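What follows is a short report on a single structure.
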Amino acid sequence: MLTLLLILLPIAAGVITLLAGERMAKQLALVGGLASLGVAIFTWLQFDPAAGSQFGFKYAWVASGGISFAAGIDGISLLLVLLTTFLTPLIILSAFKNEYKNPAAFYSLILFMEAALIGVFTATDAFLFYLFFEAALIPVYFLAAIWGGENRIKVTFKFFIYTIFGSLFMFVALVYLYYQTPGTHTSEIAAFYQLQLSSTAQGYVFWAFFIAFAIKMPLFPFHTWQPDTYTESPTAATMLLSGIMLKMGVYGLIRLLLPIVPLGMEQWGFLAMILSVIGIIYGSIIAIQQSDMKTLIAYSSFAHVGLMAAGVFSSSLNGLQGALIQMLAHGINVIGLFFIVDIIYSRTKTRYLDQLGGITQSTPHLSVYFMILLLGSVALPLTNGFVGEFLLLSSVFQYKGWLGAVAGLTIILGSVYMLRLFQKSMFGPKSKWVEGFQDLTASERAVLLPLVIMVFWIGIYPSTFLKITEPAVNQLLQLVNN
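The working numbering puts the last residue of the sequence shown at 469; the count rises by one with no breaks.
Okay, here's the thing in structure tokens:
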């Protein structure tokens, strides 16, 4: 029942936080987040990578229709559950230094979103996957719409319309697949893997899934909602969106699109790969031009996810393993970078690079943490970003050499915009905005230290996490190749 506990525990913690009132909201939310992390770590210790899906449950939901409330954990799911439960308490803790109106609602929405995200990563029924996929949208919508910036209503409305539009395509595809199952229809994802659809049908289903997941990640040209939403949302919501929620799209490609429509991949995979590589270059070039630190990191996230998607569309072991380890690394790095931007903004009341400078003169601890997370983001060897980026670029190069060469420009462009970010904000003469800038507090170090530990753990011992996912990835590739 560990999978069910992982889903229900954040819901229960969210309800308790909501009912407890303002005074204890943040502390209760943190305890709830840590409890979920404890269960996830216990699940990891009990997990056997070679045994397939484990700790599952299945309850009839619509019994006459073969639709079940069913979930389980394989290696792919476990890695993303660990990412979700690791980052959620850090996101909660990072918000402690800010005062929010109605904090009980604020923190409970974070926990509700955690539950929906875990549901997405563990669902073994397609309609349950869709339910959680949509449910994850609701908490982050309210977090952005209530506690966001001055343009929050316009921006969150665009975000909502985009994601709902994409999800409708996925819903139509799932209903179609449901009716293609033989005999008594079922919505089990494993049953969808066994379908023998025509090449034409697979092409249509491919595009339905691709649009839904490309919007969620997002990929070029479905990305226009992302930069404004990341910038206008409160930092905690931005962290949830970038650190975890975009991973739902990449996970959807791996879990649904690849094994269900392999012939669709043969027809349209090259075009999807081209769009992914365009996103890498386009996002990087736009990031270089940004003066707002938060928007710069938003575009860098867009570029990184393009590389993850390209690895998935290569349909190779290196590509899928690289995408999975990069999801883990990207979540850690981007959470840390957005938190550092929030720290700088809370002390200076500006995020613009031309108004900053000289921060490093009085902040040795912040400077070190910032530099480590930045180096992880630009994939320096022995940091977490290097492992995934190496596997991803090698998979794209094996797919098409010239595409690999173009995608490899991300190494150069990423270094340019990230080092520019650090140089403009931290070096040079002190500006009037950074006078009296204080170094990190104890609670801020408590957020950044675990992230930095993970930067080096993944970079030095990547096999800790790669061996979790490899049997499940191999099993998935057998379905694709058969």
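Ideal Cβ positions, reconstructed from N, Cα and C, are used throughout, including at glycine.
Quick caveat, the model's predicted, so the values are computed rather than measured.
- Item | Rounded Cβ spacing between glycine 266 and histidine 210 (contact assumed at less than 8 Å) | Rounded, the Cβ-Cβ distance is 7 Å, consistent with contact.
- Can you tell me the Cα-Cα spacing of alanine 0 and glycine 236, whole angstroms? Each residue's Cα considered, the two are about 26 Å apart.
- Message: So, at 6 Å on beta carbons, what are the nonlocal neighbours of leucine 240 in its own chain, with the 5 sequence-adjacent residues on each side left out?
- Response: Contacts found: Phe200 and Val299.
- Query: Using the C-alpha atoms, what's the distance from methionine 314 back to phenylalanine 443?
  - Reply: Approximately 16 Å, taken between the alpha carbons.
- Item | Chain-order list of residues whose beta-carbon lies under 6 Å from that of serine 40 (same chain, five-residue window excluded) | Excluding the 5 residues flanking it on each side, serine 40 has same chain C-beta neighbours closer than 6 Å at Gly59 and Asp61, in chain order.
- Message: Taking the beta carbon of aspartate 476 as the centre, do at least 16 other beta carbons fall within 10 Å, making it buried, or is it exposed?
- Response: The chain is shown from -12 up to 469; residue 476 falls before or after that span and cannot be answered.
- State the CB to CB distance for the pair valine 26 and leucine -8, rounded to an integer number of angstroms; the pair is presumed to be in contact (CB under 8 Å). Valine 26 to leucine -8, Cβ: 6 Å. Contact.
- Message: Assuming contact is defined by CB atoms lying nearer than 8 Å, are glycine 306 and glycine 270 in contact in what I supplied?
- Response: In this structure, glycine 270 does not lie closer than 8 Å to glycine 306 by Cβ.
- Cα-Cα separation between leucine 463 and glutamine 308, rounded to whole angstroms: The straight-line gap from Cα to Cα measures roughly 12 Å.
- Assign isoleucine 63 to one of two classes, buried (16 or more other C-beta atoms within 10 Å of its C-beta) or exposed (fewer than that). By the 10 Å Cβ count, isoleucine 63 comes out buried.
- Task: Just the C-alpha distance for leucine 227 and threonine 75, rounded to the nearest angstrom, thanks.
- Result: Straight-line Cα distance between these residues: approximately 8 Å.
- Query: Whose C-beta lies closer than 6 Å to the C-beta of alanine 57 among residues of the same chain, with five residues either side of it excluded?
  - Reply: When the five nearest sequence neighbours on each side are left out, the beta carbons in the same chain lying within less than 6 Å of the beta carbon of alanine 57 are those of Lys45, Thr111 and Asp112, in order along the chain.
- Quick one: grab the DSSP three-state call for phenylalanine 93. Three-state DSSP puts phenylalanine 93 in a helix.
- Taking Cβ to Cβ, would you say tryptophan 356 is nearer than 8 Å to valine 421? At residue 356 the sequence reads tyrosine, which differs from the tryptophan that was named. For tyrosine 356 and valine 421, no; Cβs fall outside 8 Å.
- Among Phe93, Leu65, Ala22 and Leu161, which has the Cα closest to the Cα of lysine 454? Cα-wise, what sits closest to lysine 454 is Leu65.
- Item | Integer Cβ distance of leucine 371 from methionine 280, believed to fall under 8 Å | This sequence places asparagine at residue 371; leucine is not what is there. Your pair asparagine 371 and methionine 280 does not check out as a contact, with CB atoms roughly 21 Å apart and the cut at 8 Å.
- Cβ atoms of glutamate 431 and isoleucine 284: under 8 Å apart, would you say? No, the pair does not count as a contact, with Cβ atoms beyond the cut-off.
- Task: Measure the beta-carbon distance from isoleucine 312 to phenylalanine 207 and round it to whole angstroms, keeping in mind my assumption that it falls under 8 Å.
- Result: With a Cβ gap of about 23 Å, isoleucine 312 and phenylalanine 207 do not count as contacting.
- Message: Using the three-state DSSP reduction, which class does glutamine 425 fall into: helix, strand or coil?
- Response: In the structure shown, glutamine 425 adopts coil according to DSSP, grouped into three states.
- Message: Which residues does DSSP list as the beta-bridge partners of phenylalanine 196?
- Response: Residue pairing for phenylalanine 196: DSSP places it in no beta bridge.
- Quick one, which of Lys13, Asn469 and Ser349 has its alpha-carbon nearest proline 246's? Of the listed residues, the one whose Cα sits closest to proline 246 is Asn469.
- For the candidate residues Gly323, Val162 and Asn89, whose alpha-carbon lies nearest to that of tyrosine 117? When only C-alpha atoms are compared, the closest one is Val162.
- Distance between beta carbons of valine 383 and glycine 391, contact taken as under 8 Å: At roughly 4 Å, the Cβ-Cβ gap stays under 8 Å, so glycine 391 and valine 383 are in contact.
- If you check the beta carbons only, do phenylalanine 129 and leucine 96 fall under 8 Å apart? Contact flag set, yes.
- Exposed or buried, which one is phenylalanine 144 when buried takes at least 16 other CB atoms within 10 Å? When all chains shown are included, phenylalanine 144 counts as exposed.
- Item | Cα-Cα separation between alanine 92 and leucine 21, rounded to whole angstroms | Across the structure, alanine 92 and leucine 21 are spaced so that their CA atoms are roughly 19 Å apart.
- Task: Rank Leu98, Pro90, Met(-12) and Ala82 by C-alpha distance to the C-alpha of isoleucine -2 and give the top, closest one.
- Result: When each option's Cα is compared against that of isoleucine -2, the closest is Leu98.
- Query: Would you call the region 248 to 263 and the region 180 to 195 in contact, with 3 or more CB pairs under 8 Å?
  - Reply: The answer is yes - the region 180 to 195 touches the region 248 to 263, with three or more Cβ pairs under 8 Å.
- Query: What does glutamine 41 pair with, by DSSP beta-bridge criteria?
  - Reply: Answer is Ile60, bridged to glutamine 41.
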